[in-house]
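**Student:** In my numbering, the protein residues as written are 1163 to 1368.
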Ligand SMILES: [Mg+2]
């Protein structure tokens, strides 16, 4: 196996979606997923958000009603996020998680009381959320950031690198392997491009 295929196996997500609202509960259940861990910033709201908008909250509640155990894993400080914790009630929420290191993932899996292969990680960053979760053997879903235009330069640079890597890795995949870019990539990119805008609009509805 070449370097590119080896890296692709480590870094490419199982699914790439425009936003969390595109999660398919039925498909996840069919894969044996019982728990879903969400990154917070730019996955469920704009960077640094302190409260969830109603649409996101209703969506998370619907996942819980369908029987999924939910967890939240953030690399940021928990300061100012008391309301978030209150609204999400008894779901485990860890801050300063140190993704992609294993410790935070191990903790949240223990709190959910599920093995990694039964848990999906949903996040907007390839190098923290996806890579970290794949190392654990979790199912991985990479979503577009909610509000990329509000990010610092360092994060924009990382996103640029992620996009380059995504394209490069996708070319190394054999047909039908993984979810990397393919002949339909132009179409998918276009579909994905529409996602964050819709998601952003949703997040601005209060
Ligand atoms: Mg994030």
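Ideal Cβ positions, reconstructed from N, Cα and C, are used throughout, including at glycine.
Classify residue 1282 as helix, strand or coil using the three-state DSSP reduction.
**Tutor:** Translated into positions along the chain shown, residue 1282 becomes position 120. Strand.
**Student:** How is the alpha helix (DSSP H) around residue 1297 delimited, first residue to last?
**Tutor:** By 1-based counting over the chain shown, the position of residue 1297 is 135. 1293-1298 is the extent of the alpha helix (DSSP H) around residue 1297.
**Student:** Leaving out five residues before and five after residue 1324 in sequence, what residues of the same chain have Cβ atoms less than 8 Å from its Cβ?
**Tutor:** For the purposes of this step, residue 1324 is taken as residue 162 along the chain shown, with counting starting at 1. 1287, 1288 and 1289, listed in sequence order.
**Student:** If you follow the alpha helix (DSSP H) that residue 1303 is in, where does it begin and where does it stop?
**Tutor:** Mapped onto the chain shown, residue 1303 falls at position 141. Residue 1303 -> not in any alpha helix (DSSP H); beta strand (DSSP E) instead, spanning 1301-1305.
**Student:** What does the alpha-carbon distance come out to for the pair residue 1184 and residue 1300?
**Tutor:** The count along the chain shown starts at 1 and reaches residue 1184 at position 22. The count along the chain shown starts at 1 and reaches residue 1300 at position 138. Rounded to the nearest angstrom, the gap between the Cα atoms of residue 1184 and residue 1300 is 19 Å.
**Student:** Let me check you understand the geometry: is the CB of residue 1310 closer than 8 Å to at least one non-hydrogen atom of ligand 1?
**Tutor:** Walking along the chain shown from the start, residue 1310 turns up at place 148. Residue 1310: no, Cβ never under 8 Å from ligand 1.
**Student:** Assign residue 1319 to one of two classes, buried (16 or more other C-beta atoms within 10 Å of its C-beta) or exposed (fewer than that).
**Tutor:** Taking the first residue of the chain shown as 1, we reach residue 1319 at position 157. Exposed: under 16 other Cβ atoms inside 10 Å.
**Student:** Take every Cβ of the region 1179-1193, pair it with every Cβ of the region 1215-1227, and state whether three or more of those distances are shorter than 8 Å.
**Tutor:** Yes: the two stretches touch, three or more of their Cβ pairs being nearer than 8 Å.
**Student:** Which residues neighbour ligand 1 when neighbourhood means a C-beta less than 6 Å away from any of its non-hydrogen atoms? List them by chain order.
**Tutor:** If you measure from each CB to the nearest heavy atom of ligand 1, the residues under 6 Å come out as 1201, 1203, 1204, 1205, 1285, 1286 and 1287.
**Student:** Can you round the beta-carbon distance between residue 1305 and residue 1197 to whole angstroms, since I take them to be within the 8 Å contact cut?
**Tutor:** To locate residue 1305, count along the chain shown from 1; it is residue 143. To locate residue 1197, count along the chain shown from 1; it is residue 35. Not confirmed; about 17 Å, so no contact.
**Student:** Could you name the residues that DSSP lists as bridge partners for residue 1166?
**Tutor:** As a first step, residue 1166 is located in the chain shown; it is residue number 4 there, counting from the start. The partner list for residue 1166 (beta bridge, DSSP) is empty, contrary to what the question assumes.
**Student:** Round the Cβ separation of residue 1235 and residue 1292 to the nearest angstrom and send it over; I've been treating them as touching at under 8 Å.
**Tutor:** One-based indexing of the chain shown puts residue 1235 at position 73. One-based indexing of the chain shown puts residue 1292 at position 130. Their Cβ separation, rounded to whole angstroms, is 12 Å, which puts residue 1235 and residue 1292 out of contact at 8 Å.
**Student:** Would you mind working out which of 1263, 1256, 1231 and 1208 sits nearest residue 1275, comparing C-alpha positions?
**Tutor:** Along the chain shown, read from residue 1 onward, the residue named residue 1275 stands at position 113. Answer by Cα proximity: 1231.
**Student:** In terms of DSSP beta bridges, what is residue 1177 paired with?
**Tutor:** Here residue 1177 refers to the residue found at position 15 of the chain shown. Beta-bridge pairing links residue 1177 to 1303.
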